[in-house]
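As C-alpha cells, the structure follows; a few thoughts come after it.
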Amino acid sequence: MQPAFRKGYVEIDFRSEPFDSIGALLLRSTRLFFSNLPFLTAVTLAILIPAKLALEIAGYLLDLPNEGLFSYFVRDFGDLIFGALVMPAAIYGLVVNLRTGKPCPAGEALRWGWRQWAKSLWNKFKVEITIMLWSALLIVPGIVAMVRLIFTDTIVAIEADRETEVLQRSRDLSEGHRWRIFLALLPALPISVAHIYATLRAEQYSRWLMVPVDSLFSVLDHWMTVVVLLIYLGLVAPRVTEAASRKAA
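Take 142 as the starting number for the sequence shown in our numbering and just add one per residue.
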C-alpha cells in the first residue's frame, strides 16, 4: 500500500460484497473487526492513552474540575483532535488487510493517519457542527444528518487527495440507501451507550481511571468503523472492479 503515499489516495482495486443484506454485512463486519482487533487496539491506544493522559495531567495541574460542562467540552474537543488521527489510520489498516489478507503495520497506518490529520480534523469539525445544528431543531433531523455524513471519515482516509468536497461526497454516496444504513448502524447503539455510561462512571471515581476506560471503549467503537467501511466498499468497490473489467476487455 506504499503507493498510496505517492498517489495521495488508497486504491480500491479489489471487489467487495455489495451492500444488499444487512445481516450478511454485520456478520462480515464482526469477522473483520475481530481479525483486526490487535491492529485496531495498537493504533487506537498508541494515540489515545498518551494524548488523554496528557490532557488530564494538564487539567490536574491547572486545577480544572474533574466533572462539569467545561471539562466535558475540553475532553470532547480533545476526542475530536485525537480521533482525526486515529480514524484514517484505522481505516487505512483495514483496507490493507482486505487487499492483501495480511495485518497492516501500525507504523505505516499511523503515518497515513498523520498525513490525513488536518483534513480529517477539519471535516470532523464540519460534521459535528452540521449534526449539532440539525439536532437543535429536532432529534430526527440530527439523525438524518448523521446518516448523510456517515462516510466522511472513510472518504478522507481512502479518497484523500482525490476528493475535496468530502461532505457532499458522503451525501451523494448515502443517497437512496439511508434507511438501510440507519438499520445497519443500530446494533452499534448499545456499544455507544455503554461507552458513555462507563466513561461517566469512571470519571466519578477518578480522572485517571477514565483514561483507560474511555480508550478501551474507543477500540470497541471501531466495530462501527468496520461496518461503515464495508458499506462504503459495498457501494463503491463493485462499480470500480466492473469498470476495470470492462476497460480490460
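Glycine residues also receive a C-beta, built at the ideal position from the N, C-alpha and C atoms.
This one's a predicted model, so the numbers in the text were calculated from it and none came from an experiment.
8 Å Cβ cutoff met for residue i and residue j
| i | j | result |
| --- | --- | --- |
| SER311 | ILE291 | yes |
| LEU166 | ALA329 | no |
| TYR201 | ARG348 | yes |
| GLU197 | VAL352 | yes |
| LEU308 | LYS265 | no |
| LEU371 | SER170 | yes |
| PRO244 | PHE174 | no |
Any non-hydrogen atom of the ligand NAP closer than 7 Å to residue i Cβ
| i | result |
| --- | --- |
| ARG169 | Absence of the ligand NAP from the depicted structure is noted, as is the absence of any ligand whatsoever, leaving it without description. |
Continuous alpha helix (DSSP H) stretch holding residue i: start and end
| i | result |
| --- | --- |
| ILE198 | 178-202 |
| THR295 | 293-299 |
| ALA325 | 319-326 |
| ILE102 | Outside the shown range of the chain, which is 142 to 390, sits residue 102, and nothing can be said about it. |
Selected residue, minimal CA-CA separation from residue i, among the options
| i | options | result |
| --- | --- | --- |
| PHE218 | TRP320, LEU186, LYS193, GLY375 | LYS193 |
| TRP253 | ILE299, GLY317, ALA195, TRP364 | ILE299 |
| GLY209 | ILE222, LEU376, GLN345 | GLN345 |
| GLY375 | ASN207, THR295, PHE358, PHE214 | THR295 |
| LEU221 | SER359, VAL354, TYR150 | SER359 |
| ALA185 | ASN207, PHE214, PRO331, ALA225 | Inspection of the sequence shows that residue 185 is occupied by Thr rather than by Ala. Considering only alpha carbons, the answer is ALA225. |
| TYR373 | LEU341, ILE332, GLU316, THR340 | GLU316 |
| ARG240 | ARG156, PHE146, VAL354 | ARG156 |
Residue environment, residue i, which counts as buried when at least 16 other CB atoms sit within 10 Å
| i | result |
| --- | --- |
| ALA250 | buried |
| PHE160 | buried |
| GLN257 | buried |
| ALA390 | For ALA390, the predicted model reports a pLDDT of 43, less than 50, meaning its position is unreliable; a value from the coordinates is still stated below. With fewer than 16 Cβ atoms within 10 Å of its Cβ, ALA390 is classed as exposed. |
| ALA231 | buried |
| VAL377 | buried |
| ILE270 | exposed |
| MET273 | exposed |
| TYR338 | exposed |
| PRO229 | buried |
| LEU235 | buried |
Within-8 Å CB hit, residue i to chain C
| i | result |
| --- | --- |
| PRO144 | Reference to chain C is not applicable here, since this structure consists of a single protein chain. |
At 4 residues or longer, and completely inside the stretch 214-284: list those alpha helix (DSSP H) runs for me, N to C. 247-256, 258-278
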